[in-house]
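K.L.:
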Amino acid sequence: MNFRHYKNQSELLFASLVLVAAALPGFGQQGWVSTRVGTPELDLTAVYFLDEKRGWVGGDKGFLSRTDDGGRSWVRQTVDTTDGINDIYFRDKEAGFLLAGNAIFGTRDNGTRWTEVRRFLPREFDGADVELYSVRFSSKKKGWVVGSVSKHENKRDVVVDSILLFTENGGETWQRQRAPSRLELIHIDFDNDKRGWIVGTGGTILATVDAGQSWTRQESRVTGTIYHVDFRSEKKGLAVGDKGTILRTTDGGLNWTPVEVKKRSTLLNVQFVNDKEGWAVGRGGTILRTDDGGATWLEQESGTKVHLYGLIFVRKIGWAVGGDGTLLRYQQ
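Here the sequence shown stands for residues 7 to 338, where the numbers follow this note's numbering.
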């Protein structure tokens, strides 16, 4: 992943198709159980499961691996990129998308083959580089991608604009839409075909109630980066970010309330499992859990100190991915 805020990329390349993990140690145990997919030199930064059996993990240097048996074994897949994979998302059982660097890749055959859909080149942005972070669909046809535009100045990358893309034909073509923020946009979430939220640097929270035709700012009352947002319904939402930031809303984002937690590690991903249960993961192997809709949080034992970037729950089974090829599986 190329989130400049919290990780560096590894520098290794791998063969195009290999069996990367044979078995998940402790499979069936309760709690979080750790294994490794790929090699320690590659961080895993994205995870997505269609159901309890079929899933994907992605990471540094275009690493992508698939399981069809609930994580017991993983098979390397080929994607024509050496950029880190930032996000994986399926709009239905057959059609999925992944983001790597400045490119959108898609599949129409349940993830068997991945092909490049669109690449955003520097010449389209006055020599600046595009990084795409998050992709979500609100319906079969309508989808969005968010990211940043940056230039290399004085030996460092400087964000000069945000990027907000949309499709109205199921991802075949993508167009740029002007966002009401030039700051880096990191994650997007929709809870139905009308309402969606975007979060990013500088405490940015943007919301739409008209299927993305317009976006308005919501007041977060924080200045740090917000990395992830998840809505359980049109009213209940959670957002997480820098230094243990957890924001909670029960009115669709009209008011965001900070939640005090003892753990001050930066949180990178959050997800509701149901109306009461939710999870958050982040730096240093941090895992937090709530059983009251996000009002209070307790730290959970992860068994690792690596940064955890991706998180997904399918029913009562959870998956988290992180540094050094780490894959955690949770089962109640």
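The beta-carbon is built from N, C-alpha and C at its ideal position, and this holds for glycine as well.
Any idea what DSSP makes of residue 124, helix, strand or coil?
P.N.:
To locate residue 124, count along the sequence shown from 1; it is residue 118. DSSP places residue 124 in strand when its eight states are reduced to three.
K.L.:
Would you check if the segment 194-201 and the segment 131-147 touch, i.e. whether three or more CB-CB distances between them fall below 8 Å?
P.N.:
Touching, yes.
K.L.:
For residue 250, which of 234, 243, 153, 260 has the nearest alpha-carbon?
P.N.:
The residue labelled residue 250 in the question sits at position 244 within the sequence shown. Among 234, 243, 153, 260, the Cα nearest to that of residue 250 belongs to 234.
K.L.:
Which whole-angstrom value describes the C-beta separation of residue 114 and residue 100, a residue pair presumed to lie in contact below a C-beta threshold of 8 Å?
P.N.:
Numbered from its first residue, the sequence shown carries residue 114 at position 108. Numbered from its first residue, the sequence shown carries residue 100 at position 94. Right, the Cβ-Cβ distance comes to about 6 Å (below 8 Å), so this counts as a contact.
K.L.:
Where does residue 151 land, buried or exposed, given buried means 16+ other C-beta within 10 angstroms?
P.N.:
Numbered from 1 along the sequence shown, position 145 holds the residue referred to as residue 151. The residue is buried, with at least 16 neighbouring Cβ atoms inside 10 Å.
K.L.:
Would you say the segment 219-237 touches the segment 249-266, given that touching needs at least three Cβ pairs under 8 Å?
P.N.:
They touch, by the three-pair rule.
K.L.:
Given this structure, state the Cα-to-Cα distance separating residue 327 from residue 274, to the nearest angstrom.
P.N.:
The residue you call residue 327 lines up with position 321 of the sequence shown. The residue you call residue 274 lines up with position 268 of the sequence shown. Between residue 327 and residue 274, the C-alpha separation is close to 11 Å.
K.L.:
Here's a check: name, in chain order, each residue in its chain whose Cβ is nearer than 8 Å to the Cβ of residue 135, leaving out the five neighbours to either side.
P.N.:
Taking the first residue of the sequence shown as position 1, residue 135 is located at position 129. The residues are 108, 128, 155, 156, 157, 158, 163.
K.L.:
Do you know offhand how far residue 130's Cα is from residue 182's?
P.N.:
For the purposes of this step, residue 130 is taken as residue 124 along the sequence shown, with counting starting at 1. For the purposes of this step, residue 182 is taken as residue 176 along the sequence shown, with counting starting at 1. Their Cα atoms are separated by approximately 11 Å.
K.L.:
Specify, as a first and last residue, the run of the beta strand (DSSP E) that residue 41 falls within.
P.N.:
Taking the sequence shown and counting its residues from 1, one reaches residue 41 at position 35. 37-42 is the extent of the beta strand (DSSP E) around residue 41.
K.L.:
In angstroms with no decimal places, state the Cα-to-Cα distance between residue 23 and residue 117.
P.N.:
Here the question's residue 23 lines up with position 17 in the sequence shown. Here the question's residue 117 lines up with position 111 in the sequence shown. With a pLDDT of only 37 at residue 23, under the threshold of 50, the placement of this residue in the model should not be trusted, and no figure is reported.
K.L.:
Using CA atoms only, rank isn't needed, just tell me which of 186, 312, 291, 87 is closest to residue 269.
P.N.:
The residue labelled residue 269 in the question sits at position 263 within the sequence shown. If we check each option's Cα against that of residue 269, 291 comes out closest.
K.L.:
Looking at the structure shown, is residue 51 part of a helix, part of a strand, or coil, going by DSSP?
P.N.:
By 1-based counting over the sequence shown, the position of residue 51 is 45. DSSP places residue 51 in strand when its eight states are reduced to three.
K.L.:
Would residue 295 and residue 277 be called neighbours here (beta carbons separated by less than 7 Å)?
P.N.:
As a first step, residue 295 must be located in the sequence shown, where it is residue number 289. As a first step, residue 277 must be located in the sequence shown, where it is residue number 271. Taking 7 Å as the Cβ cut-off, residue 295 and residue 277 do not qualify as a contacting pair.
K.L.:
Note down the Cα distance separating residue 60 from residue 244, rounded to an integer number of angstroms.
P.N.:
Along the sequence shown, read from residue 1 onward, the residue named residue 60 stands at position 54. Along the sequence shown, read from residue 1 onward, the residue named residue 244 stands at position 238. Rounded to whole angstroms, residue 60 to residue 244 spans 27 Å at the Cα level.
K.L.:
Check residue 316 in the structure and name its three-state DSSP category.
P.N.:
If you number the sequence shown from 1, residue 316 lands on position 310. Residue 316: strand per DSSP, three-state reduction.
K.L.:
Helix, strand or coil for residue 5? Go by DSSP, reduced to three states.
P.N.:
In the structure as shown, the chain begins at 7 and stops at 338. Residue 5 is therefore absent and cannot be evaluated.
K.L.:
If you reduce the DSSP assignment to three classes, tell me which class residue 216 lands in.
P.N.:
Taking the first residue of the sequence shown as position 1, residue 216 is located at position 210. Looking at residue 216 - three-state DSSP - the assignment turns out to be coil, as it is neither helix nor strand.
K.L.:
Given residue 324, which residues of its chain have a CB within under 6 Å of its CB, disregarding the five upstream and five downstream residues?
P.N.:
Counted from its first residue, the sequence shown places residue 324 at position 318. Excluding positions up to five away in sequence, the list reads 336.
K.L.:
Please classify residue 308: is it buried, with 16 or more other beta-carbons within 10 angstroms of its beta-carbon, or exposed?
P.N.:
Residue 308 sits at position 302 when you count from the first residue of the sequence shown. It counts as buried.
K.L.:
Can you tell me where the beta strand (DSSP E) with residue 277 in it begins and where it stops?
P.N.:
Taking the sequence shown and counting its residues from 1, the one referred to as residue 277 is at position 271. Unbroken beta strand (DSSP E) run through residue 277: 273-278.
K.L.:
When you compare each of 338, 91, 217, 119 to residue 49 by their alpha carbons, which one comes out closest?
P.N.:
Taking the first residue of the sequence shown as position 1, residue 49 is located at position 43. Minimum Cα distance to residue 49 is reached at 91.
K.L.:
Taking only the alpha-carbon atoms, compute the straight-line gap between residue 258 and residue 97 and give it to the nearest angstrom.
P.N.:
Translated into positions along the sequence shown, residue 258 becomes position 252. Translated into positions along the sequence shown, residue 97 becomes position 91. About 23 Å.
K.L.:
So what does DSSP say about residue 254, is it helix, strand or coil?
P.N.:
Translated into positions along the sequence shown, residue 254 becomes position 248. Note: residue 254 maps to strand in three-state DSSP.
K.L.:
Looking only at C-alpha atoms, which of 237, 217, 219, 177 sits nearest to residue 205?
P.N.:
Here residue 205 is taken as the residue at index 199 of the sequence shown, counted from 1. Of the candidates 237, 217, 219, 177, the one whose C-alpha sits nearest the C-alpha of residue 205 is 237.
K.L.:
Could you check whether residue 232 and residue 53 sit closer than 7 Å to each other, using their CB atoms as the reference points?
P.N.:
Along the sequence shown, read from residue 1 onward, the residue named residue 53 stands at position 47. Along the sequence shown, read from residue 1 onward, the residue named residue 232 stands at position 226. No, the pair does not count as a contact, with Cβ atoms beyond the cut-off.
K.L.:
Closest by CA to residue 287, which one among 298, 299, 316?
P.N.:
Residue 287 sits at position 281 when you count from the first residue of the sequence shown. Ranking the options by Cα distance to residue 287, first place goes to 316.
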